[in-house]
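Student:
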Amino acid sequence: MERVPILKIGDILLVSIQLDMSDQTAVQLQEDLAERIVATGCHGVIIDITALDIVDSFVGRMLSTIASISKVLDAETVVVGMRPAVAITLVELGLSLNGIRTALNVERGMELIAAAHADELDYQLDDDPDAETATP
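Quick note on UniProt numbering: the sequence shown kicks off at 1 and runs consecutively.
#1: Between the C-alpha atoms of residue 61 and residue 97, what's the straight-line distance to the nearest angstrom?
#2: In terms of residue numbering, what span does the alpha helix (DSSP H) encompassing residue 64 cover?
#3: In the DSSP assignment, what are the bridge partners of residue 79?
#4: Buried or exposed: which applies to residue 54, given that a residue is buried once 16 or more other Cβ atoms fall within 10 Å of its Cβ?
#5: If residue 66 sits next to residue 47, beta carbons under 8 Å apart, how far is it from one beta carbon to the other, in whole angstroms?
#6: If residue 45 and residue 77 are in contact, beta carbons under 8 Å, what's the gap, nearest whole angstrom?
#7: Leaving aside the five residues before and after residue 136 along the sequence, list all residues of the same chain whose C-beta is less than 8 Å from its C-beta, in chain order.
#8: Return helix, strand or coil for residue 7, following the three-state DSSP convention.
Take a look at the structure:
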């Protein structure tokens with residue numbers, strides 16, 4: 001069975017899907033990714049689907065499931081590199097990919113995750129009554 005590589009880049013895990021996803025490969029990716037999120041403490045997951053020419057309902061559901069698992073483990077998911085034909089197919093299949101942010105490329109995906117993480121840190125500081133506040 002082939003495995004999808006998961007690379008760590010800073011605080012982000014990059015998953016580049018370069019092969020047709022069998023059911024077994026997709027389930028293994030979900031397990032591997034969850035383990036890597038916990039092991040690394042990363043706050044972002046980028047799934048690059050540039051190489052996918054076609055998707056089916058299973059792949060769409062798999063992306064949603066990965067995003068849900070990542071969210072529970074405190075990591076934001078961004079899918080990048082979606083081709084127009086893939087987007088059209090997902091919409092036709094009725095898969096809106098709730099909870100998944102998308103970006104045109106890896107660079108923009110990294111920017112989205114960085115912005116989301118910065119907003120989360122600001123929110124946590126605003127909620128912390130013991131946090132020091134600077135007064136001008």
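C-beta: ideal position from N, C-alpha, C; glycine also.
Computed from a prediction, not measured in an experiment: that's the story for all the values here.
Tutor: Checking against the coordinates, here is how it stands:
#1: 8 Å
#2: It spans 57-72 - the alpha helix (DSSP H) in which residue 64 sits, taken as one unbroken run.
#3: 47 and 102
#4: exposed
#5: 7 Å
#6: Taking 8 Å as the upper bound for CB-CB distance, residue 45 and residue 77 are in contact here, some 5 Å apart.
#7: Confidence in residue 136 is poor, its pLDDT being 47 and thus under 50, which makes the residue's placement unreliable; the coordinate value appears in the next sentence. The beta carbon of residue 136 sits closer than 8 Å to no other beta carbon from its chain once the five residues preceding and following it are set aside.
#8: strand
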